[in-house]
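See below for the structure under consideration.
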Amino acid sequence: MRVAGTSAMVLLRGLVHAAAAVGVDRATLLSRIGVSDDELERDISVATTVIAHAWQVAPELSGDPLFGLHAGAHAEFGSYDVIDYLFLSSATLGDGCRALERYYRIVTEIWKIDLLVEGEVARFRLWVPTNLVEPMWHAWDYFFSGSLKRMRGTTGSGLDPTEVHLMHGPRADAGEYERVFRCPVTFGHPIHEYVFPARFLDLHLLSSNPTLHRLVRRHAEELLARVPSDQDLLVRAQTLLPMLLKDPALSLAGLAEQLGVGERTLQRKLADHGITYKQLVEQTREEYALRALEGGVTSIQEIAYELGFNSTASLSRAFKRWRGMSPSEWQARRPRPTV
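At position 279 of the sequence shown the residue is numbered 278 (numbering that gives the first Met the number 0), and the sequence of numbers has no breaks.
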């Protein structure tokens, strides 16, 4: 499996530490993924292919079919360096989530975090390229169970989401997910997200430290400035675009602005990969429509809205181009996921 780009070594280091905590032999894991102890402890970049491979090897070595879900409980505070300290030193849960939203690109540009507030509902979301959803499903379980552990620990509250939505397909023991998250869990959703009352964002963090936060934020800005703005630009565009599709004013220029690059730079980079902006939008819409329909939990009206179509008829016409049938016809022919 090929995954473009690199990520910070802290992502791999956090996995190795959590895997060791649940009984995976550190030396065996490092040997299998081709990383030395010295490399693991250095602040260097690592190919995202190595991280993706590690998320297949570690569950295998653990023997736990829900390794990611359970390993998240062993994610150590501080193991993700500046990202952890930005969150921990924030004043409120909302401030911490917004810090992750801004600075997570320091550690990787392959997937993206954002916080969406809609009236009384907040959504803490993780956007990942569709080709990584199933191969790295343990990683996404780990991210959400580990994040929830941090949120509960730093607020000193029994913080429970109202819902958890996961992009990957259902696993055998769905009840174990509900035990960990303490709420209903939906699989096969178009995006990964926690859904919780927006009032939780005002919860004070017990670890809040304004002085430390200013220092860490200053350092984070320096690190962010060093991330090349065109690094893995196609992957970044593929990850970001689904978040923007519902905006009727979205354009090549608007996408370039969100990515922090010039319009011509983005156009050139896309051309280097043999794709145009229009084709990228079309591919992204198709991938996310298929995933949403496979999940069976999102209505066709909702899919049309999320993907920026002005009506279900427009989505239906596009879907007939992609699959030769309407969304409802395609959905009727697919087996419904069961748990």
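All C-beta atoms, glycine included, are put in the ideal place defined by N, C-alpha and C. The model shown is predicted, which means the values in this text are computed figures rather than measured ones.
Just curious, the beta strand (DSSP E) that residue i is in, first and last residue?
i           : result
residue 117 : 111-117
residue 120 : 120-126
residue 45  : 44-46
residue 132 : Taken as a continuous stretch (DSSP letters only), residue 132 belongs to no beta strand (DSSP E), as it is neither H nor E.
residue 163 : 162-164
Leaving aside the five residues before and after residue i along the sequence, list all residues of the same chain whose C-beta is less than 8 angstroms from its C-beta, in chain order.
i           : result
residue 153 : 86, 87, 92, 95, 204, 205 and 206
Sorted by chain position, which residues of the same chain lie with C-beta nearer than 6 angstroms to residue i's C-beta, five sequence neighbours on each side aside?
i           : result
residue 136 : 167
residue 308 : 314
residue 164 : 185, 188 and 192
Are the CB atoms of residue j and residue i within a distance shorter than 8 angstroms?
i           : j           : result
residue 243 : residue 191 : no
residue 222 : residue 105 : yes
residue 116 : residue 61  : no
residue 383 : residue 113 : Nothing can be reported for residue 383, as the shown portion of the chain is limited to 0 through 338.
residue 57  : residue 9   : no
residue 17  : residue 70  : yes
residue 127 : residue 162 : no
residue 268 : residue 233 : yes
residue 292 : residue 321 : no
Quick one: using the 10 Å Cβ neighbour count with 16 as the cut-off for buried, is residue i buried or exposed?
i           : result
residue 272 : exposed
residue 120 : exposed
residue 59  : exposed
residue 80  : buried
residue 144 : buried
residue 263 : exposed
residue 283 : buried
Ends of the alpha helix (DSSP H) at residue i?
i           : result
residue 262 : 262-271
residue 6   : Here residue 6 belongs to no alpha helix (DSSP H); instead the beta strand (DSSP E) covers 5-7.
Helix, strand or coil for residue i? Go by DSSP, reduced to three states.
i           : result
residue 27  : helix
residue 196 : strand
residue 318 : helix
residue 75  : coil
residue 13  : helix
residue 275 : coil
residue 191 : strand
residue 167 : coil
residue 297 : coil
residue 205 : coil
residue 106 : coil
residue 34  : coil
residue 184 : strand
residue 327 : helix
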